[in-house]
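S.K.: Structure below; questions to follow.
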Amino acid sequence: AGPGPAAVAGPGSVRVAMPSAVRTLCLAALLGALGAGGTELTLELPDSAQRCFHQELESGVKFTLDYQVISGGHYDVDCYVEDPNGKTIYQETKKQYDSFSHHTEAKGVYTFCFSNEFSTFSHKIVYFDFQVGDEPPILPDMNNRVTALTQLESACVTIHEMLKAVIDSQTHYRLREAQDRSRAEELNGRVSYWSVGETLILFVVSIGQVMLLKSFFTEKRPSSGGAGT
Amino acid sequence: LALYFHIGEREEKCIIEDIPSDTLLVGNYKVQRWDIHIHDFLESAPGLGMFVTVTSPTGEVLLSKLYGPQGTFTFTSYISGEHIICFQSNSTRFAVIAGSKLRIHLDIRVGEHFLDESAIRAKDKVNEVNIRLEHLIEQIHHVTREQDYEREREEKFRKTSEETNSNILWWAIVQTLILISVGIWQIKSLRDFFISKKLV
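Quick note, the sequences are listed as chains A and B, same order.
Sequential numbering from 1 applies to the first sequence in the UniProt record's numbering.
Sequential numbering from 1 applies to the second sequence in the UniProt record's numbering.
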């Protein structure tokens with residue numbers, strides 16, 4: 001598990017005079033904790049279907065696409081990413097989860113698609129997280145400062161870093177747990193169905209055997225007692 | 001609003017959000033309609049609306065409203081679980097026009113209240129920082145709620161696994177007993193049959 005959260009002031013007013021730099025970095029902390037410039041969605045992919053998403057990006061920007069299949073079939077999906085010129089910059093088939101980063105060269109609309117076309121009857125639930133841009137430093141001029149950070153400012157920086165780690169870790173565990181639970185429920189269902197099925201087959205086969213054997217020795221033509229060998 | 005996707009005019013597309021209880025979810029969207037004359041998406045299509053339907057994990061409909069071509073919808077979850085958010089346009093004409101489709105820009109935020117920027121800029125710097133810190137605290141509460149939800153789900157997971165385990169054991173015993181008793185019945189039945197046929 002991630003590091004514990006820093007001690008935060010309880011609900012109620014914080015009566016401390018704070019410089020505007022702290023205000024700015026607290027705003028950045030909020031944005032950072034939210035994951036500035038990103039979208040995460042969970043969607044259901046019916047069988048033999050494809051879902052595409054588009055995003056307009058500047059050039060020289062770094063984006064990251066993480067995706068994971070949560071449930072369905074063999075828990076795999078096809079994925080490809082295209083740049084504005086139609087060139088495929090990433091293509092994978094039957095992947096369970098992956099992470100893809102890219103620095104954009106051209107400005108325009110980037111497309112990424114998830115495809116379940118290879119599957120005939122299992123619909124998949126896919127989670128993806130599309131993050132754009134490196135995170136801006138939490139203090140706008142953090143690297144250019146002449147004086148050291150005050151205690152308040154460094155406390156805010158610590159909270160920000162910890163929140164980021166906690167949220168990332170939480171999402172990761174949530175997805176893995178959802179996938180494992182889906183497998184366990186599937187296993188449970190299969191065990192039940194197959195057990196009942198096997199029991200029925202057992203009855204049918206054993207009674208059928210006896211009937212069949214009896215029928216061998218029951219001749220239609222009249223003959224006294226003993227049947228054939 | 002950056003990410004977008006396409007849907008047909010009468011099509012419905014849904015996304016799934018697995019969230020804990022008492023969580024606020026805010027969604028921003030914008031709809032554009034394809035115009036075949038100019039071969040591009042119109043900036044805002046008048047009269048075009050979006051039906052947004054939110055279903056709770058128990059199947060109960062939490063939100064079902066018609067919004068304009070651009071809008072914000074919010075709801076608070078009462079139960080933890082998978083909520084399904086569906087979008088469907090209120091366009092009445094069928095997709096007889098070739099290539100007719102809609103572009104939906106979407107942005108979903110979970111677990112936070114939007115900061116009211118004007119209220120923040122108002123008073124003094126102390127209040128400003130106060131509000132921002134409270135927002136941070138609210139986010140941490142959201143993290144805590146997610147963790148509680150994770151506990152619930154892990155328990156359900158563990159129950160399923162234990163149920164599978166005992167299912168397997170129980171069915172193995174039952175099937176073995178059935179096998180033995182059926183075997184005995186078979187032998188007895190055949191023996192009686194042969195005796196009656198005077199073969200033994």
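Think of the CB as a built atom: it goes at the ideal place given N, C-alpha and C, for glycine as much as any other residue.
1. Is the Cβ of residue 29 of chain A closer than 9 Å to any Cβ of chain B?
2. Determine the DSSP secondary structure at residue 85 of chain A, reduced to helix, strand or coil.
3. Mapping DSSP to helix, strand and coil, what is residue 186 of chain B?
4. Starting from residue 108 of chain B, trace the beta strand (DSSP E) both ways and give me its first and last residue.
5. At which residues does the beta strand (DSSP E) containing residue 19 of chain B begin and terminate?
6. So, is the C-beta of residue 26 of chain A closer than 9 Å to a C-beta in chain B?
7. Examine chain C for any beta-carbon lying closer than 9 Å to the beta-carbon of residue 153 of chain B, and answer yes or no.
8. With DSSP run on the structure shown, which of helix, strand or coil describes residue 61 of chain A?
9. Would residue 30 of chain B pass as an interface residue toward chain A - the criterion being a Cβ-Cβ separation below 9 Å?
10. So the candidates are A:85, A:114 and A:185; which of them puts its Cα closest to the Cα of residue 105 of chain A?
11. Nearest to residue 81 of chain B by alpha carbon, out of B:64, B:56, B:62 and B:87?
12. What number of angstroms, rounded off, separates the C-alpha of residue 62 of chain B from the C-alpha of residue 144 of chain B?
13. According to DSSP, is residue 133 of chain B helix, strand or coil?
14. What separation, rounded to the nearest whole angstrom, lies between the Cα atoms of residue 202 of chain A and residue 153 of chain B?
15. Can you round the beta-carbon distance between residue 75 of chain B and residue 12 of chain B to whole angstroms, since I take them to be within the 8 Å contact cut?
16. Which value, in whole angstroms, describes the spacing of the CA atoms of residue 9 of chain B and residue 101 of chain B?
17. Kindly indicate if chain B contains any beta-carbon less than 9 Å away from that of residue 170 of chain A.
18. DSSP has residue 39 of chain A in a bridge; who is on the other side?
19. Quick one: Cα of residue 91 of chain B to Cα of residue 7 of chain B, how far?
20. To which residues of the same chain is residue 81 of chain A closer than 6 Å at the C-beta, ignoring the five residues directly before and after it?
21. Quickly, what does DSSP pair residue 33 of chain B with across the bridge? List them, please.
22. Can you tell which of A:119, A:132, A:120 and A:159 has its C-alpha closest to the C-alpha of residue 135 of chain B?
23. Can you tell me the Cα-Cα spacing of residue 199 of chain A and residue 208 of chain A, whole angstroms?
24. According to DSSP, residue 74 of chain B sits in a beta bridge with which residue or residues?
25. Is the beta carbon of residue 85 of chain B less than 9 Å from the beta carbon of residue 27 of chain B?
26. Suppose the cutoff is 7 Å on Cβ atoms and the five residues either side in sequence are ignored; what does the same chain contact list for residue 148 of chain B look like?
27. Using DSSP bridges, identify the partner residues of residue 97 of chain A.
28. The beta strand (DSSP E) spanning residue 198 of chain B covers which residue range?
29. With 9 Å as the threshold, decide whether the Cβ of residue 160 of chain B is near any Cβ in chain A.
30. Taking any Cβ of chain A, which residues in the region 165-183 of chain B have a Cβ under 8 Å from it, in chain order?
31. I'd like the span of the beta strand (DSSP E) that includes residue 73 of chain A, first residue to last.
32. Could you check which residue in A:47, A:184, A:127 and A:204 has the C-alpha nearest to that of residue 163 of chain B?
33. Find out if the Cβ-Cβ distance for the pair residue 179 of chain A, residue 71 of chain A is shorter than 9 Å.
34. Below 6 Å CB to CB, which residues in the same chain sit around residue 73 of chain B once its five sequence neighbours on both sides are set aside?
35. CA-CA distance, residue 126 of chain A and residue 14 of chain B?
36. Under the three-state reduction of DSSP, which class applies to residue 47 of chain B: helix, strand or coil?
M.R.: This is what the structure holds:
1. Against the first sequence, residue 29 of chain A aligns to sequence position 29. For residue 29 of chain A, the predicted model reports a pLDDT of 45, less than 50, meaning its position is unreliable and no value from the coordinates is stated.
2. Numbered from its first residue, the first sequence carries residue 85 of chain A at position 85. The answer is coil: DSSP assigns residue 85 of chain A none of H, G, I, E or B.
3. Locating residue 186 of chain B in the second sequence gives position 186, counting from the first residue. Helix.
4. Position 108 of the second sequence, counted from the start, is the residue given in the question as residue 108 of chain B. Taken as a continuous stretch (DSSP letters only), the beta strand (DSSP E) holding residue 108 of chain B covers 102-110.
5. Here the question's residue 19 of chain B lines up with position 19 in the second sequence. Note, residue 19 of chain B: beta strand (DSSP E), 12-19.
6. Translated into positions along the first sequence, residue 26 of chain A becomes position 26. Caution is warranted here: a pLDDT of 47 is assigned to residue 26 of chain A, below 50, making its placement in the model unreliable, and the coordinate value is therefore given only provisionally. Closer than 9 Å to some Cβ of chain B, the Cβ of residue 26 of chain A qualifies, so yes.
7. The question asks about chain C, but that chain is absent: this structure's protein chains are A and B.
8. Numbered from its first residue, the first sequence carries residue 61 of chain A at position 61. Coil.
9. Residue 30 of chain B sits at position 30 when you count from the first residue of the second sequence. Cβ-Cβ to chain A under 9 Å: no for residue 30 of chain B.
10. As a working note, residue 105 of chain A is residue 105 in the first sequence. Check the Cα spacing between residue 105 of chain A and each of A:85, A:114 and A:185: the tightest is with A:85.
11. For this step, residue 81 of chain B is matched to residue 81 along the second sequence. Minimum Cα distance to residue 81 of chain B is reached at B:56.
12. The residue you call residue 62 of chain B lines up with position 62 of the second sequence. The residue you call residue 144 of chain B lines up with position 144 of the second sequence. Each residue's alpha carbon lies about 24 Å from the other.
13. The count along the second sequence starts at 1 and reaches residue 133 of chain B at position 133. Helix at residue 133 of chain B.
14. Numbered from its first residue, the first sequence carries residue 202 of chain A at position 202. Numbered from its first residue, the second sequence carries residue 153 of chain B at position 153. Approximately 37 Å between the Cα atoms of the pair.
15. As a working mapping, residue 75 of chain B is identified with position 75 in the second sequence. As a working mapping, residue 12 of chain B is identified with position 12 in the second sequence. Their Cβ separation, rounded to whole angstroms, is 18 Å, which puts residue 75 of chain B and residue 12 of chain B out of contact at 8 Å.
16. For the purposes of this step, residue 9 of chain B is taken as residue 9 along the second sequence, with counting starting at 1. For the purposes of this step, residue 101 of chain B is taken as residue 101 along the second sequence, with counting starting at 1. Roughly 6 Å separates the two Cα atoms.
17. On the first sequence, residue 170 of chain A is found 170 positions in, with the first residue counted as 1. It does; some Cβ of chain B falls within 9 Å.
18. Here the question's residue 39 of chain A lines up with position 39 in the first sequence. Beta-bridge annotation (DSSP): residue 39 of chain A is paired with A:130.
19. By 1-based counting over the second sequence, the position of residue 91 of chain B is 91. By 1-based counting over the second sequence, the position of residue 7 of chain B is 7. Spanning the two alpha carbons is a distance of roughly 12 Å.
20. Taking the first residue of the first sequence as 1, we reach residue 81 of chain A at position 81. Close CB contacts of residue 81 of chain A within its chain, under the 6 Å cut and outside five residues either way in sequence, are with 89, 90 and 112 (chain order).
21. As a working note, residue 33 of chain B is residue 33 in the second sequence. In DSSP, residue 33 of chain B forms a bridge with B:102.
22. Here residue 135 of chain B is taken as the residue at index 135 of the second sequence, counted from 1. Nearest C-alpha to residue 135 of chain B among A:119, A:132, A:120 and A:159: A:159.
23. Walking along the first sequence from the start, residue 199 of chain A turns up at place 199. Walking along the first sequence from the start, residue 208 of chain A turns up at place 208. Spanning the alpha carbons of residue 199 of chain A and residue 208 of chain A requires a straight line of approximately 14 Å.
24. The sequence position of residue 74 of chain B within the second sequence is 74, counting from 1. When DSSP reads this structure, residue 74 of chain B sits in a beta bridge with B:26.
25. Along the second sequence, read from residue 1 onward, the residue named residue 85 of chain B stands at position 85. Along the second sequence, read from residue 1 onward, the residue named residue 27 of chain B stands at position 27. Yes, the Cβ-Cβ distance between residue 85 of chain B and residue 27 of chain B is below 9 Å.
26. Here the question's residue 148 of chain B lines up with position 148 in the second sequence. Non-local C-beta neighbours of residue 148 of chain B in its own chain, meaning closer than 7 Å and more than five positions away in sequence, comprise 20, ordered along the chain.
27. If you number the first sequence from 1, residue 97 of chain A lands on position 97. In the DSSP output, where bridge partners are listed per residue, residue 97 of chain A has A:68.
28. By one-based count along the second sequence, residue 198 of chain B stands at place 198. No beta strand (DSSP E) holds residue 198 of chain B; DSSP gives it neither H nor E.
29. Along the second sequence, one-based indexing puts residue 160 of chain B at 160. For residue 160 of chain B, a Cβ of chain A is located within less than 9 Å of the residue's own Cβ.
30. Of all residues in the region 165-183 of chain B, 167, 168, 171, 174, 175, 178, 179, 182 and 183 have a Cβ within less than 8 Å of some Cβ in chain A.
31. Along the first sequence, one-based indexing puts residue 73 of chain A at 73. That residue, residue 73 of chain A, is in no beta strand (DSSP E); it is neither H nor E in DSSP.
32. By one-based count along the second sequence, residue 163 of chain B stands at place 163. It is A:184 whose Cα lies nearest to the Cα of residue 163 of chain B.
33. Within the first sequence, numbered from 1, the residue matching residue 179 of chain A stands at position 179. Within the first sequence, numbered from 1, the residue matching residue 71 of chain A stands at position 71. Closer than 9 Å, so yes.
34. Along the second sequence, one-based indexing puts residue 73 of chain B at 73. Around residue 73 of chain B: 27 and 52.
35. Within the first sequence, numbered from 1, the residue matching residue 126 of chain A stands at position 126. Within the second sequence, numbered from 1, the residue matching residue 14 of chain B stands at position 14. Going from the Cα of residue 126 of chain A to the Cα of residue 14 of chain B covers about 12 Å.
36. The residue given as residue 47 of chain B occupies position 47 in the second sequence. It is coil, neither helix nor strand.
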